[in-house]
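As C-alpha coordinates, the structure follows; a few thoughts come after it.
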Amino acid sequence: MKTDLPRQHKVAILLPVYNALTYTKKTLENLSWLLVSDTLALKGFVFEIVVVDDGSTDGTSEWIKAHFPGVHVLAGDGNLWWSGGINRAAVFALSERKAHYLLLWNNDIVAGEEYFPALCRILTETGPETIVGSKVFIAGTDDIIWTMGGRFNPLTGIKYPVGYGKPDSEPYRKPLEVDWLPGMGTCLHRSVIEKIGYWDEVHFPQYHGDSDFTCRARENGFILRVYPELKLWNHIEHTGALHHGRWKDLLQSFSSLRSNYHLGKDILFYRRHGKGVLCYYGLVVKYVRYVGGYFMGKLLNTLRVARHKYSILS
(Lines of atoms letter the chains of each structure in order from A and count residues from 1; the text may use other names and numbers.)
(Lines give C-alpha, C1' and ligand atoms only; values in the text may rest on other atoms or scores of the structure.)
Protein backbone atom coordinates (compact mmCIF):
# COMPACT_ATOMS: atom_id res chain seq x y z
CA MET A 1 0.00 0.00 0.00
CA LYS A 2 1.43 3.37 -1.02
CA THR A 3 1.41 6.11 1.59
CA ASP A 4 -0.60 9.22 0.74
CA LEU A 5 2.07 11.68 1.91
CA PRO A 6 2.85 15.32 1.09
CA ARG A 7 5.68 15.85 -1.40
CA GLN A 8 8.09 16.71 1.40
CA HIS A 9 8.10 14.31 4.33
CA LYS A 10 9.59 15.72 7.54
CA VAL A 11 10.95 13.20 10.03
CA ALA A 12 11.91 14.43 13.50
CA ILE A 13 14.54 12.37 15.32
CA LEU A 14 13.74 12.56 19.04
CA LEU A 15 16.74 12.20 21.37
CA PRO A 16 16.29 12.54 25.15
CA VAL A 17 19.59 12.79 27.05
CA TYR A 18 20.89 13.19 30.57
CA ASN A 19 24.66 13.55 30.94
CA ALA A 20 26.69 10.81 29.17
CA LEU A 21 28.10 13.41 26.76
CA THR A 22 30.63 10.91 25.42
CA TYR A 23 27.79 8.79 24.02
CA THR A 24 25.86 11.82 22.77
CA LYS A 25 28.89 13.04 20.81
CA LYS A 26 29.24 9.73 18.98
CA THR A 27 25.53 9.50 18.23
CA LEU A 28 25.25 13.03 16.84
CA GLU A 29 28.43 12.61 14.80
CA ASN A 30 27.01 9.38 13.39
CA LEU A 31 23.69 11.04 12.55
CA SER A 32 25.29 14.10 10.97
CA TRP A 33 27.40 11.89 8.71
CA LEU A 34 24.45 9.73 7.65
CA LEU A 35 21.99 12.60 7.11
CA VAL A 36 24.23 14.73 4.89
CA SER A 37 23.38 12.68 1.79
CA ASP A 38 21.42 14.43 -0.97
CA THR A 39 19.79 11.09 -1.69
CA LEU A 40 17.41 11.53 1.23
CA ALA A 41 16.19 14.90 -0.07
CA LEU A 42 15.75 13.46 -3.55
CA LYS A 43 13.54 10.79 -2.00
CA GLY A 44 11.44 13.60 -0.55
CA PHE A 45 12.52 13.34 3.07
CA VAL A 46 13.89 15.98 5.42
CA PHE A 47 15.29 14.99 8.82
CA GLU A 48 15.59 17.19 11.89
CA ILE A 49 17.09 16.30 15.25
CA VAL A 50 15.37 17.34 18.48
CA VAL A 51 17.41 16.82 21.66
CA VAL A 52 15.84 17.16 25.09
CA ASP A 53 18.58 17.74 27.65
CA ASP A 54 16.99 16.91 30.99
CA GLY A 55 19.24 18.94 33.26
CA SER A 56 22.66 17.53 32.29
CA THR A 57 25.59 18.80 34.33
CA ASP A 58 28.35 17.74 31.93
CA GLY A 59 27.98 20.55 29.38
CA THR A 60 25.79 18.56 26.99
CA SER A 61 23.65 21.47 25.77
CA GLU A 62 26.61 23.81 25.37
CA TRP A 63 28.57 21.23 23.38
CA ILE A 64 25.66 20.48 21.04
CA LYS A 65 24.96 24.16 20.37
CA ALA A 66 28.64 24.78 19.63
CA HIS A 67 29.18 21.78 17.34
CA PHE A 68 25.73 21.13 15.87
CA PRO A 69 23.87 24.47 15.69
CA GLY A 70 21.22 22.93 13.42
CA VAL A 71 20.06 20.60 16.19
CA HIS A 72 17.07 21.77 18.21
CA VAL A 73 17.95 21.63 21.92
CA LEU A 74 15.15 21.77 24.50
CA ALA A 75 15.81 22.04 28.21
CA GLY A 76 14.39 19.89 31.00
CA ASP A 77 14.63 20.31 34.76
CA GLY A 78 15.94 16.84 35.55
CA ASN A 79 12.54 15.31 36.22
CA LEU A 80 11.41 14.34 32.72
CA TRP A 81 12.96 10.88 32.58
CA TRP A 82 12.64 9.03 29.26
CA SER A 83 8.90 9.31 28.60
CA GLY A 84 8.74 12.96 29.64
CA GLY A 85 11.73 13.75 27.43
CA ILE A 86 10.19 11.99 24.43
CA ASN A 87 6.90 13.81 25.02
CA ARG A 88 8.63 17.19 25.22
CA ALA A 89 10.45 16.49 21.95
CA ALA A 90 7.34 15.07 20.25
CA VAL A 91 5.14 18.06 21.14
CA PHE A 92 7.79 20.43 19.78
CA ALA A 93 8.30 18.38 16.61
CA LEU A 94 4.60 18.07 15.83
CA SER A 95 3.40 21.56 16.79
CA GLU A 96 6.41 23.76 16.05
CA ARG A 97 8.22 21.86 13.30
CA LYS A 98 5.13 20.26 11.70
CA ALA A 99 6.77 16.84 11.48
CA HIS A 100 4.95 14.02 9.71
CA TYR A 101 6.96 11.26 11.36
CA LEU A 102 8.70 10.79 14.70
CA LEU A 103 11.81 8.60 14.94
CA LEU A 104 12.82 7.59 18.48
CA TRP A 105 16.55 7.60 19.13
CA ASN A 106 18.95 7.01 22.03
CA ASN A 107 22.33 8.58 22.68
CA ASP A 108 23.98 5.16 23.03
CA ILE A 109 23.23 3.83 19.53
CA VAL A 110 24.77 4.23 16.09
CA ALA A 111 23.18 3.39 12.75
CA GLY A 112 24.47 1.54 9.71
CA GLU A 113 25.35 3.37 6.51
CA GLU A 114 22.17 2.35 4.66
CA TYR A 115 19.81 3.01 7.56
CA PHE A 116 18.20 6.24 6.37
CA PRO A 117 17.87 5.41 2.64
CA ALA A 118 16.20 2.16 3.72
CA LEU A 119 13.91 4.02 6.12
CA CYS A 120 12.85 6.44 3.38
CA ARG A 121 11.96 3.53 1.12
CA ILE A 122 10.03 1.72 3.85
CA LEU A 123 8.03 4.81 4.81
CA THR A 124 7.16 5.37 1.16
CA GLU A 125 6.00 1.78 0.71
CA THR A 126 3.98 1.46 3.92
CA GLY A 127 1.00 3.30 5.29
CA PRO A 128 0.59 5.45 8.43
CA GLU A 129 -0.92 2.44 10.17
CA THR A 130 2.51 0.74 10.26
CA ILE A 131 4.92 1.60 13.07
CA VAL A 132 8.40 0.77 11.84
CA GLY A 133 10.94 -0.93 14.09
CA SER A 134 14.68 -1.50 13.74
CA LYS A 135 16.96 -4.48 14.17
CA VAL A 136 19.30 -3.70 17.07
CA PHE A 137 22.67 -5.41 17.55
CA ILE A 138 24.96 -5.33 20.57
CA ALA A 139 27.67 -2.72 19.97
CA GLY A 140 31.08 -4.27 19.43
CA THR A 141 29.63 -7.26 17.58
CA ASP A 142 28.65 -7.69 13.95
CA ASP A 143 25.89 -10.23 14.36
CA ILE A 144 24.71 -10.62 17.98
CA ILE A 145 21.17 -9.33 18.28
CA TRP A 146 20.03 -7.21 21.19
CA THR A 147 16.43 -6.94 20.05
CA MET A 148 14.26 -7.22 16.99
CA GLY A 149 11.10 -5.98 18.63
CA GLY A 150 9.37 -7.82 21.44
CA ARG A 151 6.74 -10.42 22.27
CA PHE A 152 4.08 -10.15 24.95
CA ASN A 153 1.46 -12.79 25.61
CA PRO A 154 -1.42 -11.11 27.50
CA LEU A 155 -2.67 -14.48 28.76
CA THR A 156 0.56 -15.91 30.21
CA GLY A 157 2.36 -12.60 30.73
CA ILE A 158 5.51 -13.82 29.02
CA LYS A 159 7.34 -10.73 27.73
CA TYR A 160 10.74 -10.74 26.04
CA PRO A 161 12.83 -9.10 23.30
CA VAL A 162 12.97 -11.12 20.09
CA GLY A 163 16.40 -12.56 19.29
CA TYR A 164 18.15 -11.31 22.42
CA GLY A 165 21.73 -12.61 22.58
CA LYS A 166 21.36 -14.76 19.47
CA PRO A 167 23.57 -14.68 16.36
CA ASP A 168 21.96 -13.14 13.31
CA SER A 169 20.42 -15.85 11.12
CA GLU A 170 17.73 -16.48 8.53
CA PRO A 171 14.69 -16.08 10.85
CA TYR A 172 15.84 -12.53 11.66
CA ARG A 173 16.50 -11.48 8.07
CA LYS A 174 12.94 -10.79 6.99
CA PRO A 175 10.31 -8.31 8.22
CA LEU A 176 8.70 -9.42 11.45
CA GLU A 177 5.45 -8.31 13.07
CA VAL A 178 5.81 -7.99 16.84
CA ASP A 179 3.81 -7.06 19.96
CA TRP A 180 5.91 -4.12 21.19
CA LEU A 181 8.89 -2.02 20.15
CA PRO A 182 11.75 -0.42 22.12
CA GLY A 183 12.39 3.31 22.42
CA MET A 184 15.16 3.32 19.81
CA GLY A 185 14.85 3.08 16.06
CA THR A 186 11.04 3.17 16.21
CA CYS A 187 9.38 5.39 13.62
CA LEU A 188 5.71 6.35 13.69
CA HIS A 189 3.35 8.62 11.77
CA ARG A 190 1.82 11.57 13.60
CA SER A 191 -1.61 9.92 13.25
CA VAL A 192 -0.57 7.43 15.97
CA ILE A 193 -0.28 10.27 18.49
CA GLU A 194 -3.54 11.78 17.26
CA LYS A 195 -5.33 8.50 17.96
CA ILE A 196 -3.79 7.14 21.18
CA GLY A 197 -2.07 10.17 22.74
CA TYR A 198 1.51 10.53 23.95
CA TRP A 199 3.79 8.34 26.08
CA ASP A 200 2.58 7.77 29.65
CA GLU A 201 5.13 9.80 31.58
CA VAL A 202 3.03 9.65 34.76
CA HIS A 203 2.84 5.87 35.20
CA PHE A 204 5.85 4.81 33.11
CA PRO A 205 8.42 7.62 33.28
CA GLN A 206 11.33 5.33 32.36
CA TYR A 207 10.99 1.58 31.81
CA HIS A 208 7.81 0.29 30.08
CA GLY A 209 7.27 3.75 28.57
CA ASP A 210 8.15 2.39 25.13
CA SER A 211 6.45 -1.02 25.39
CA ASP A 212 3.30 0.45 26.96
CA PHE A 213 3.00 3.00 24.14
CA THR A 214 3.47 0.46 21.36
CA CYS A 215 1.19 -2.06 23.06
CA ARG A 216 -1.50 0.62 23.20
CA ALA A 217 -0.90 1.37 19.53
CA ARG A 218 -1.23 -2.29 18.61
CA GLU A 219 -4.40 -2.60 20.68
CA ASN A 220 -5.79 0.34 18.67
CA GLY A 221 -5.19 -1.31 15.31
CA PHE A 222 -1.68 -0.20 14.35
CA ILE A 223 0.82 -2.69 12.95
CA LEU A 224 4.24 -3.05 14.57
CA ARG A 225 6.76 -4.35 12.05
CA VAL A 226 10.55 -4.67 12.34
CA TYR A 227 12.61 -4.33 9.16
CA PRO A 228 15.99 -6.13 9.31
CA GLU A 229 17.68 -3.67 6.93
CA LEU A 230 17.28 -0.95 9.57
CA LYS A 231 20.41 -1.83 11.53
CA LEU A 232 21.43 -0.19 14.80
CA TRP A 233 24.15 -0.97 17.34
CA ASN A 234 23.41 -0.39 21.02
CA HIS A 235 25.97 0.11 23.80
CA ILE A 236 24.26 -2.12 26.35
CA GLU A 237 26.74 -1.24 29.12
CA HIS A 238 25.00 2.15 29.31
CA THR A 239 21.93 0.84 31.10
CA GLY A 240 19.77 1.27 34.18
CA ALA A 241 20.11 0.25 37.81
CA LEU A 242 20.93 -3.39 38.62
CA HIS A 243 21.97 -5.19 41.82
CA HIS A 244 25.63 -5.86 40.78
CA GLY A 245 25.76 -8.59 43.42
CA ARG A 246 24.93 -6.29 46.34
CA TRP A 247 21.95 -6.91 48.63
CA LYS A 248 21.25 -3.21 49.14
CA ASP A 249 21.20 -2.57 45.40
CA LEU A 250 18.94 -5.59 44.87
CA LEU A 251 16.36 -4.14 47.25
CA GLN A 252 16.66 -0.66 45.73
CA SER A 253 16.17 -2.05 42.22
CA PHE A 254 12.61 -3.04 43.15
CA SER A 255 11.62 0.61 43.61
CA SER A 256 14.11 2.68 41.59
CA LEU A 257 12.79 4.44 38.48
CA ARG A 258 16.15 3.64 36.88
CA SER A 259 15.49 -0.08 37.23
CA ASN A 260 13.78 -2.45 34.81
CA TYR A 261 12.77 -4.41 37.94
CA HIS A 262 10.60 -1.70 39.49
CA LEU A 263 7.91 -3.98 40.92
CA GLY A 264 5.16 -1.36 41.03
CA LYS A 265 5.62 -0.38 37.37
CA ASP A 266 5.71 -4.03 36.32
CA ILE A 267 2.42 -4.76 38.09
CA LEU A 268 0.83 -1.69 36.52
CA PHE A 269 1.93 -2.77 33.04
CA TYR A 270 0.41 -6.22 33.54
CA ARG A 271 -2.82 -4.76 34.93
CA ARG A 272 -3.10 -2.56 31.83
CA HIS A 273 -2.17 -5.05 29.12
CA GLY A 274 -2.60 -8.52 30.61
CA LYS A 275 -5.78 -10.61 30.51
CA GLY A 276 -6.80 -12.55 33.58
CA VAL A 277 -4.89 -13.54 36.69
CA LEU A 278 -2.73 -16.06 34.83
CA CYS A 279 -0.97 -13.20 33.06
CA TYR A 280 1.01 -12.61 36.26
CA TYR A 281 2.77 -15.92 35.66
CA GLY A 282 5.17 -14.09 33.36
CA LEU A 283 5.87 -11.54 36.05
CA VAL A 284 6.61 -14.25 38.62
CA VAL A 285 9.02 -15.92 36.20
CA LYS A 286 10.83 -12.61 35.63
CA TYR A 287 11.44 -12.00 39.33
CA VAL A 288 12.28 -15.60 40.19
CA ARG A 289 15.02 -15.46 37.54
CA TYR A 290 16.25 -12.07 38.75
CA VAL A 291 16.35 -12.88 42.46
CA GLY A 292 17.46 -16.43 41.79
CA GLY A 293 20.32 -15.11 39.69
CA TYR A 294 21.40 -12.91 42.58
CA PHE A 295 21.52 -15.80 45.07
CA MET A 296 23.13 -18.13 42.54
CA GLY A 297 25.84 -15.56 41.96
CA LYS A 298 26.40 -15.30 45.72
CA LEU A 299 26.61 -19.08 46.02
CA LEU A 300 29.09 -19.41 43.17
CA ASN A 301 31.23 -16.65 44.62
CA THR A 302 31.26 -18.38 48.02
CA LEU A 303 32.34 -21.63 46.37
CA ARG A 304 35.13 -19.86 44.48
CA VAL A 305 36.43 -18.31 47.69
CA ALA A 306 36.25 -21.68 49.48
CA ARG A 307 38.18 -23.42 46.69
CA HIS A 308 40.79 -20.69 46.72
CA LYS A 309 41.27 -21.05 50.50
CA TYR A 310 41.44 -24.82 50.19
CA SER A 311 44.07 -24.63 47.46
CA ILE A 312 46.21 -22.37 49.66
CA LEU A 313 45.91 -24.63 52.68
CA SER A 314 46.69 -27.76 50.68
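Going by our numbering, the first residue of the sequence shown is number 844, and it counts up by one from there.
Yeah, the Cβ is synthetic: ideal placement off N, Cα and C, and Gly gets one too.
Query                                                                                                           : Result
Short Cβ contact (9 Å threshold) for Trp1023 with Lys1002                                                       : yes
Contact check, Glu1044 vs Gly898, beta carbons under 9 Å                                                        : no
Nearest-angstrom Cα separation, counted from Ser1054 out to Phe1097                                             : 19 Å
Given 8 Å, three or more beta-carbon pairs between the region 903 to 913 and the region 1009 to 1017            : no
Three-state class that DSSP yields for Ser977 in the structure shown                                            : strand
Host beta strand (DSSP E) of Arg994 (start-end)                                                                 : Gly993 to Phe995
Per-residue burial, His943 [other beta carbons within 10 Å of its own, 16 or more giving buried]                : buried
Buried versus exposed, by CB contacts within 10 Å (16 or more), Ala855                                          : buried
Cβ distance (whole Å) where Gly955 is taken to contact Lys1074 below 8 Å                                        : 4 Å
Proximity to Gly1058 [Cα-Cα], best of His1116, Gly1006 and Gly1008                                              : Sequence check: residue 1058 is Cys here, not Gly. The candidate whose alpha carbon is nearest that of Cys1058 is His1116.
Alpha-carbon spacing of His1051 relative to Lys868, whole angstroms                                             : 26 Å
Residue(s) in a DSSP beta bridge with Val889                                                                    : Lys853
Cα-Cα separation between His1048 and Phe1112, rounded to whole angstroms                                        : Note that residue 1048 is Pro in the sequence shown here, rather than His. Roughly 12 Å between the two C-alpha positions.
Status (buried if at least 16 other CB within 10 Å, exposed otherwise) for Ile1079                              : exposed
Ile892 classed as buried or exposed, judged by whether at least 16 other C-beta atoms fall within 10 angstroms  : buried
Alpha-carbon to alpha-carbon, Val953 and Tyr866                                                                 : 10 Å
For Asn1161, the first and last residue of its enclosing beta strand (DSSP E)                                   : The question about residue 1161 has no answer, for the chain in this structure spans 844 to 1157.
Element boundaries [alpha helix (DSSP H), containing His1116]                                                   : Leu1106 to His1116
Beta-carbon proximity of Leu858 to Ala932, cut-off 9 Å                                                          : yes
For Pro1025, three-class secondary structure by DSSP                                                            : coil
Where the beta strand (DSSP E) containing Thr990 begins and where it ends                                       : Ile988 to Thr990
Straight-line gap, Lys1141 to Asp985 (C-alpha atoms, nearest Å)                                                 : 33 Å
Own chain partners of Thr882 with C-beta closer than 7 Å, once the 5 adjacent residues on each side are dropped : Pro960
Backbone secondary structure at Met1139 - three-state DSSP                                                      : helix
Rounded straight-line distance, which links the Cα of Asn930 to that of Pro972                                  : What sits at residue 972 in the sequence shown is Glu, not Pro. Each residue's alpha carbon lies about 20 Å from the other.
Coarse secondary structure for Pro1004, derived from DSSP in three states                                       : strand
Supposed close pair Pro997, Lys1118 - CB separation, criterion 8 Å                                              : 4 Å
Whether Tyr861 touches Val934 by CB criterion (9 Å)                                                             : no
Length-filtered (3 minimum) beta strand (DSSP E) runs lying within the region 859 to 909                        : 888 to 896
Coil, strand or helix - Ser1096 by DSSP                                                                         : helix
According to DSSP, residues forming a beta bridge with Val1120                                                  : According to DSSP, which records beta bridges pairwise, Val1120 is partnered with nothing at all.
Beta-bridge partners of Val953, as assigned by DSSP                                                             : Trp1076
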